[in-house]
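Peer 1: Protein chains in written order, with the numbering used here: chain A, 579 to 798; chain B, 579 to 798. Even glycine gets a Cβ: it sits at the ideal position worked out from N, Cα and C.
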DNA sequence: TATAAAAGTTAGACTTACCTAACAAATGTT
DNA sequence: AACATTTGTTAGGTAAGTCTAACTTTTATA
């Protein structure tokens, strides 16, 4: 059985492997920063996780989850995203409030609980941020998605996920009344600064920055 | 903010105060036994809780929750019982499975979560074992209840709570198809050993021990 | 009431997860 | 290729919560 802390390290490693698309390894400093601890602390824990054969790790080398470590990390991610869905769908939590509480709930140990929760929620495939919820067997539903900034003028799309899950961004989206499923039309692209003018649902035109357009996943 | 462990000590103290009806204080050994730690460990923690003014405690003296300690303990109990209700009502957990998971869930920190959960469950007053769920303000719904063994021959009653929440007892009740709300008629009392013959719902007569009759709360 | 038993405390040690400070290895830059 | 910077490790220390073993106080009983 893993401790709360060990679980957090595994999850961080999995997240970093998603983030650094092509190279699934992470560095000690990167890990530490992600978890809010000092690099020395991360080194200690990595040695421990190596002992338990959850990570492949050598002094000064790259850090990589083992198959077993990856499975456990996916299970934690599964719990996290199912709980986020529960909070959002059943308890009326807002987009930006779910994460913090799910961070705690994901550590509850009970296989039955996870499976029953999934059933209760109707086997959702994506969480409130549009991220895929791993199935009990570890498979992840996939979804064709592109960044809003990749669209050409005149194209129409639908919001499917957020790339940035920070509170400020999520609250901004809420203010703009953008949620998963919202239709968006690209009216104009400004080459100068990468910003664009878009139409959200049936609302009037609105300008959004390049940073914004790079943070929202959509499908055509 | 209290640690997971501190919360468990407060909860144990509250539970013991309910158990020892007339005298709401507890002893160090009693505490330790209840929490599955050694008395020395309990002593250490009690000193710490005293520092935080959550318990009144003097060397070799009786242990008592302060007003503040009691409030916090009640809040934990509230969470525990709401989660038990959630597991039982929404996720189809059985009577005897809810406790273990609720032990973990009760430590999740989020005022919003508790209140939303309560609302989601329809403001239940009693948990799956028939125990009262404290309200947000700390008030506990009360319920007139007596032990099955207090009834006279011929009397009719309805199950409202269990006194013993051990797995063996709860599973026995399940086997007998007894749950909260089940009607019971006392057919005969055997003075010799305190056992009694009862009719459960519309089923045929059945003998139950004195121990059994002392573990079930009913109302006339 | 003297003494044995029970209840409770103290001291010292262990583990986990964290830290700081000093050091070592790897990488990047001229 | 030499050196500076970045990255990562080691050593030694802290706090929380636990333990055992030895001790003290309270209580029960002969």
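Note down, one range per segment and in chain order, each alpha helix (DSSP H) of at least 4 residues found wholly within the region 685-726 of chain B.
Peer 2: The region 685-726 of chain B contains these whole alpha helix (DSSP H) runs: 689-698.
Peer 1: Relative to the C-alpha of residue 720/B, which candidate in 779/B, 726/B, 711/B, 728/B has its C-alpha closest?
Peer 2: Residue 720/B sits at position 142 when you count from the first residue of the second chain. Measuring from the Cα of residue 720/B, the nearest candidate turns out to be 711/B.
Peer 1: Assuming residue 727/B and residue 772/B are in contact, meaning their beta carbons sit under 8 Å apart, how far apart are those beta carbons, in whole angstroms?
Peer 2: Position 149 of the second chain holds residue 727/B. Position 194 of the second chain holds residue 772/B. That belief holds up - the Cβ atoms of residue 727/B and residue 772/B are roughly 7 Å apart, short of 8 Å.
Peer 1: Since residue 688/B meets chain A, which of its residues come closer than 7 Å, beta carbon to beta carbon?
Peer 2: Taking the second chain and counting its residues from 1, one reaches residue 688/B at position 110. In chain order: 679.
Peer 1: Give the single residue among 717/A, 606/A, 765/A whose Cα lies nearest to the Cα of residue 800/A.
Peer 2: Because residue 800/A is not part of the residues shown, which for chain A are 579 to 798, the question remains open.
Peer 1: Can you check whether the CB of residue 679/A is closer than 7 Å to the CB of residue 657/A?
Peer 2: Translated into the one-based positions of the first chain, residue 657/A becomes position 79. Translated into the one-based positions of the first chain, residue 679/A becomes position 101. No, Cβ-Cβ distance for residue 657/A and residue 679/A is not below 7 Å.
Peer 1: Strictly below 8 Å CB to CB, what residues from chain B border residue 670/A?
Peer 2: By one-based count along the first chain, residue 670/A stands at place 92. Within chain B, the residues near residue 670/A are 694.
Peer 1: Output, in sequence order along the chain, the residues in the region 632-649 of chain B whose CB is closer than 9 Å to any CB in chain A.
Peer 2: Those would be none; no residue qualifies.
Peer 1: Should residue 708/B be labelled buried (16 or more other beta-carbon atoms within 10 Å of its own) or exposed?
Peer 2: By one-based count along the second chain, residue 708/B stands at place 130. Buried, because 16 or more other Cβ atoms sit within 10 Å of the Cβ of residue 708/B.
Peer 1: Relative to chain B, which residues along the region 695-707 of chain A have a C-beta separation below 7 Å, given in chain order?
Peer 2: Listed by position, the residues of the region 695-707 of chain A near chain B (Cβ gap below 7 Å) are 695, 698.
Peer 1: I'd like the span of the alpha helix (DSSP H) that includes residue 788/A, first residue to last.
Peer 2: The count along the first chain starts at 1 and reaches residue 788/A at position 210. Residue 788/A -> alpha helix (DSSP H) spans 788-791.
Peer 1: How far does the alpha helix (DSSP H) with residue 562/B in it extend, from its first residue to its last?
Peer 2: Any question about residue 562/B goes unanswered here, given that chain B covers just 579 to 798.
Peer 1: Residue 660/A: which of 684/A, 644/A, 646/A sits nearest, CA to CA?
Peer 2: Locating residue 660/A in the first chain gives position 82, counting from the first residue. Answer by Cα proximity: 684/A.
Peer 1: For residue 682/B, return the contacting residues in chain A, with the cut-off set at a CB-CB distance below 7 Å.
Peer 2: As a position in the second chain, residue 682/B is number 104, starting the count at 1. The contacting residues are 686, 687.
Peer 1: Could you check whether the Cβ of residue 748/A sits closer than 7 Å to any Cβ belonging to chain B?
Peer 2: As a first step, residue 748/A must be located in the first chain, where it is residue number 170. So, not an interface residue.
Peer 1: Roughly how many angstroms lie between the CA atoms of residue 732/B and residue 764/B, to the nearest whole one?
Peer 2: Numbered from its first residue, the second chain carries residue 732/B at position 154. Numbered from its first residue, the second chain carries residue 764/B at position 186. Looking at the two C-alpha atoms, the distance is approximately 5 Å.
Peer 1: Please report the Cβ distance between residue 674/B and residue 749/B, rounded to the nearest whole angstrom; I am assuming they are in contact, meaning their Cβ atoms lie under 8 Å.
Peer 2: Working through the second chain from its first residue, we reach residue 674/B at position 96. Working through the second chain from its first residue, we reach residue 749/B at position 171. Going by Cβ atoms, the distance from residue 674/B to residue 749/B rounds to 5 Å, so yes, they are a contact pair.
Peer 1: Where does residue 733/A sit, in a helix, a strand or coil, going by DSSP?
Peer 2: Taking the first chain and counting its residues from 1, the one referred to as residue 733/A is at position 155. Reduced to three states, the DSSP call for residue 733/A is coil.
Peer 1: Step through the CB atoms of chain B and report whether any lies within less than 7 Å of the CB of residue 691/A.
Peer 2: By 1-based counting over the first chain, the position of residue 691/A is 113. Judged by the 7 Å Cβ criterion, residue 691/A is in contact with chain B.
Peer 1: Hey, how far is the Cα of residue 589/B from the Cα of residue 713/B?
Peer 2: Numbered from its first residue, the second chain carries residue 589/B at position 11. Numbered from its first residue, the second chain carries residue 713/B at position 135. So the alpha carbons of these two residues sit roughly 16 Å apart.
Peer 1: Among all the DSSP beta bridges, which residues are the ones paired with residue 746/A?
Peer 2: Counting from 1 along the first chain, the entry for residue 746/A is found at position 168. Beta-bridge pairing links residue 746/A to no other residue.
Peer 1: Okay, do the region 600-614 of chain B and the region 631-649 of chain B touch, 3+ Cβ pairs below 8 Å being the bar?
Peer 2: Touching, yes, given that three or more Cβ pairs across the two stretches are closer than 8 Å.
Peer 1: Is residue 634/B helix, strand or coil when you go by DSSP?
Peer 2: Locating residue 634/B in the second chain gives position 56, counting from the first residue. Reduced to three states, the DSSP call for residue 634/B is strand.
Peer 1: Tell me whether residue 740/A is buried or exposed, calling it buried when 16 or more other Cβ atoms sit within 10 Å of its Cβ.
Peer 2: In the first chain, residue 740/A corresponds to position 162, counting from 1. Result: buried.
Peer 1: With respect to the beta strand (DSSP E) encompassing residue 761/A, which residues constitute its N-terminal and C-terminal limits?
Peer 2: Position 183 of the first chain, counted from the start, is the residue given in the question as residue 761/A. Element bounds for residue 761/A: 761-767.
Peer 1: State the Cα-Cα distance for the pair residue 751/A and residue 743/A, rounded to the nearest angstrom.
Peer 2: As a position in the first chain, residue 751/A is number 173, starting the count at 1. As a position in the first chain, residue 743/A is number 165, starting the count at 1. Roughly 11 Å separates the two Cα atoms.
Peer 1: State the Cα-Cα distance for the pair residue 782/B and residue 722/B, rounded to the nearest angstrom.
Peer 2: Position 204 of the second chain, counting from 1, holds the residue named residue 782/B. Position 144 of the second chain, counting from 1, holds the residue named residue 722/B. Between residue 782/B and residue 722/B, the C-alpha separation is close to 28 Å.
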